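Those protein sequences? They're chains A and B, same order as listed. In this text, residue positions in the first sequence follow this note's numbering: the first is 1, and each later residue adds one. In this text, residue positions in the second sequence follow this note's numbering: the first is 1001, and each later residue adds one. Quick reminder that beta carbons are idealized off the backbone N, C-alpha and C, glycines included. Predicted model only: the values in this text are computed from it and were never measured. Let me begin by presenting the structure, written as C-alpha cells, before commenting on it.
Number of protein chains: 2
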Amino acid sequence: MEGSPRRIRRTPEEARRLILDAAREAIARSGPEGLRLHEIAAAAGVSHPLILHHFGNRAGLVRVLTREAVAELSDKLVAAMREPDHSPEAQLDRVFDAFRNGLGQLLAWLATVDPDGDLGGSTMIQREFAERLHARRLAAAPPGATIAREDSQFVIHLIAIAALGDAIYGAQFRRSAGLPEGPETDKRFRAWLAALIRAHLAPSQAGSIGRI
Amino acid sequence: MEGSPRRIRRTPEEARRLILDAAREAIARSGPEGLRLHEIAAAAGVSHPLILHHFGNRAGLVRVLTREAVAELSDKLVAAMREPDHSPEAQLDRVFDAFRNGLGQLLAWLATVDPDGDLGGSTMIQREFAERLHARRLAAAPPGATIAREDSQFVIHLIAIAALGDAIYGAQFRRSAGLPEGPETDKRFRAWLAALIRAHLAPSQAGSIGRI
DNA sequence: AGACTTACTGACAATTTTGTCAATACCAAC
DNA sequence: GTTGGTATTGACAAAATTGTCAGTAAGTCT
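Right, dumping it as C-alpha cells:
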C-alpha cells in the first residue's frame, strides 16, 4: 500500500532551467508579487526547497533571473545589429521585438526594485549601436559635411526608450490614442517611426512620408 | 509614572493623505516590495492598523494609490495641454515632466501587477492631444493639403511611450549610450526630440537641426 | 553488488505580514 | 460637564513566506 515515492532526478542545468522558466512565467503572469517560492515551485512541479538548493536563497534566484534577462536582451540587440538587413524598418522591428515577451516588463520591474542597478551586459550595446550608426552616416555624408556624434546617440536613445515604453504600455497607449487595436497598427507605427528616423538621417530625399 | 499616551487625531482626509504620501515614498524608495504596511506606517508615524482602518485592507490601499496616480498623471497632462505656450519644446517638457517623480515607475509597476488594467482617467487624454494637434495642423496647412489623422496620432503615441521609457530607464540608457550624465544632457535630448517632431510637423522650414 | 555523490523531498522553525479586536483618547455637540 | 462618535493604538491571531535539516532515492563508479 505504499505510495510511489518516485522522484525525477534531473541534471542541475535542467532543474535550474525548469525553475527559471517557471519563475519568468510567474512574473509575467502575476507581476513581481508572483515571485514566491511556493508559486514557482508549484508551477515547475517541484518542491520549494529545491529552488533554495539550486540558487542558495531567494536573492540568488532573482540575481540569476535578472542576469539572464539582461543577457537575453543583449543577445537579441547584438543579433539585431549584426543582421545583414540594415534598413531602419528591419532594425527597428528587431529592437522593438527584443523587448517583447515580458522582457520589457521584467526590466521595468528591475528598475523599480533596484533603480540604480546597472544593466550590466547591455551597457555597451547602445554605445556600439550609436558608433556604428555614426560611422555609417559619416561614410554616406558628402565630404565636407560634419555630423554631431550626439545626434547619432540621441537617435539610438530615442529608439531605446520608445521600444521600452512600447513594450510596457504600447497597446494601452495606442488604444487610448484612438488607434485601432491589433498588430496591424503596431506594424504601421513602427514603419512610421522608421520613416521619421530615416527622414532625419537623410533629410535630402525624404520629407513626404506621413503626409498624403 | 504614566507615559504620555498622547494621540494625534486627524481628520480622515488628513490621515489618508499622510498614509498615501508615505506609501508613494515607500514605493519610490524600495520599489513595489517596499509596500509593506509596517514600513508605510512607520514612515507616516502611525500604527499599521490605522491604514487598515482607513483603507479596509491592503488591496484597498493599492487601489486608491493607483487611482490617484492615474488621476495625477491625467491632471498633469491636461494642464500641459491647456497651457498657452504651444511650442513643441515646452509641451514636450511638460509631458516628460508629468511622468517624473516616481509616477513613471509607479505606472510601470502597475503594468506588471495588472497588465490588463485600464489606465482609467487618462484614457481620453491622448485622444484629445491627438485631436488638438491634428486640428492645429489642418488649420496651418495650405488649403489643398490633407494630413492623415493617423500621423498626428502616431506623433502623440511616440511622445507618450518615449516619455514613459525615459522616466523608467532614461538616465541609465543615456549613460549606456555614452552620453554625459546630468540634467544638461536631459534638456538637450528633449530639445533634440522637439526639433525632430517640429521638423516632421512642418517639413518646409526645417531640416537642418541636429546636423552642424 | 556495494559504496558514494547529490538531487530531491517532507517536516519543521523563524520571521514577516496581513488582519482582528477590544480598549482608549481626542474632539465636538448638547 | 457629560455624552457620543470615531480616530487611534497595543496586543493578539492567522496565514504566508523564507529558510533549515535530516533522510531518501536516483544515478554513477569501482
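- For residue 1008 (chain B), the three-state secondary structure derived from DSSP is coil.
- Using a Cβ-Cβ cut-off of 8 Å, residue 1142 (chain B) is close to nothing in chain A; its nearest Cβ partner there is about 11 Å away.
- Residue-level contact check: residue 1059 (chain B) does not touch chain A, since none of the beta carbons of chain A fall below 8 Å from its beta carbon.
- Only those residues of the stretch 175–202 of chain A whose C-beta falls short of 9 Å from the nearest C-beta of chain B are listed: 175, 176, 177, 178, 179, 185, 188, 189, 192, 193, 196, 197, 199, 200.
- The beta carbons of residue 108 (chain A) and residue 1168 (chain B) sit about 6 Å from each other, so the pair counts as a contact at 8 Å.
- Around residue 95 (chain A), the same chain offers 77, 80, 159, 160, 163 as residues with beta carbons nearer than 8 Å, after the five sequence neighbours per side are excluded.
- Every unbroken stretch of the alpha helix (DSSP H) spanning 4 or more residues and falling wholly within the stretch 1017–1065 of chain B is given here in chain order: 1037–1044, 1048–1055.
- Excluding sequence positions up to five before and after residue 1100 (chain B), its CB lies within less than 7 Å of the CB of 1167, all in the same chain and listed in chain order.
- Following the DSSP letters along the chain, one finds residue 201 (chain A) inside the alpha helix (DSSP H) bounded by residues 183–201.
- One thing to note: residue 172 (chain A) has its Cβ no nearer than 8 Å to the Cβ of residue 1178 (chain B).
- Straight across, the Cα-Cα distance linking residue 1014 (chain B) with residue 1106 (chain B) is about 22 Å.
- With respect to the C-alpha of residue 68 (chain A), the residue from A:7, A:195, A:30, A:21 having the closest C-alpha is A:21.
- The three-state secondary structure of residue 67 (chain A), taken from DSSP, is helix.
- One finds 1107, 1108, 1111, 1112, 1161, 1164, 1165, 1168 in chain B with Cβ atoms closer than 9 Å to the Cβ of residue 168 (chain A), taken in chain order.
- Chain A has a Cβ within less than 8 Å of the Cβ of residue 1032 (chain B).
- Residues of chain A with a Cβ closer than 7 Å to the Cβ of residue 1127 (chain B) are, in chain order, 176, 177, 178.
- Relative to residue 28 (chain A), the option among A:110, A:130, A:147, A:136 whose CA is nearest is A:110.
- By the neighbour-count definition (other C-beta atoms within 10 Å, threshold 16), residue 176 (chain A) is a buried residue.
- Between residue 58 (chain A) and the set A:74, A:45, A:35, the nearest pair of CA atoms involves A:35.
- Setting aside the 5 residues that flank it on each side, residue 1104 (chain B) is surrounded in the same chain by 1164, 1167, 1168, each with a C-beta closer than 7 Å to its C-beta; the list follows chain order.
- Relative to the Cα of residue 50 (chain A), the nearest Cα in the group A:87, A:16, A:174 belongs to A:16.
- The C-alpha of residue 1072 (chain B) is placed about 26 Å away from the C-alpha of residue 1184 (chain B).
- In the displayed model, residue 1085 (chain B) falls within coil according to three-state DSSP, outside both helix and strand.
- For residue 1089 (chain B) against residue 1194 (chain B), the beta-carbon gap comes to about 4 Å, under 8 Å, which counts as contact.
- Interface annotation, residue 1130 (chain B): in contact with chain A, CB-CB separation under 8 Å.
- With a 10 Å radius around the Cβ and a threshold of 16 neighbouring Cβ atoms, residue 1139 (chain B) comes out exposed.
- Sixteen is the threshold: since fewer than 16 other Cβ atoms of the shown chains lie within 10 Å of the Cβ of residue 63 (chain A), the residue is exposed.
- With respect to the C-alpha of residue 91 (chain A), the residue from A:102, A:54, A:133 having the closest C-alpha is A:133.
- For residue 91 (chain A), not one C-beta of chain B is nearer than 8 Å to its own C-beta.
- Look at residue 99 (chain A) here: in three-state DSSP terms it is coil, with no helix or strand label.
- Counting only residues of its own chain and dropping the five nearest sequence neighbours on each side, residue 66 (chain A) has a CB closer than 6 Å to the CB of 110.
- CA-to-CA, the gap between residue 1045 (chain B) and residue 1010 (chain B) works out to about 12 Å.
- For the C-beta of residue 1050 (chain B), not a single chain A residue is nearer than 8 Å; the gap to the nearest is close to 23 Å.
- The beta carbon of residue 1197 (chain B) sits closer than 7 Å to those of 1088, 1155, all from its chain and outside the five residues before and after it, given in chain order.
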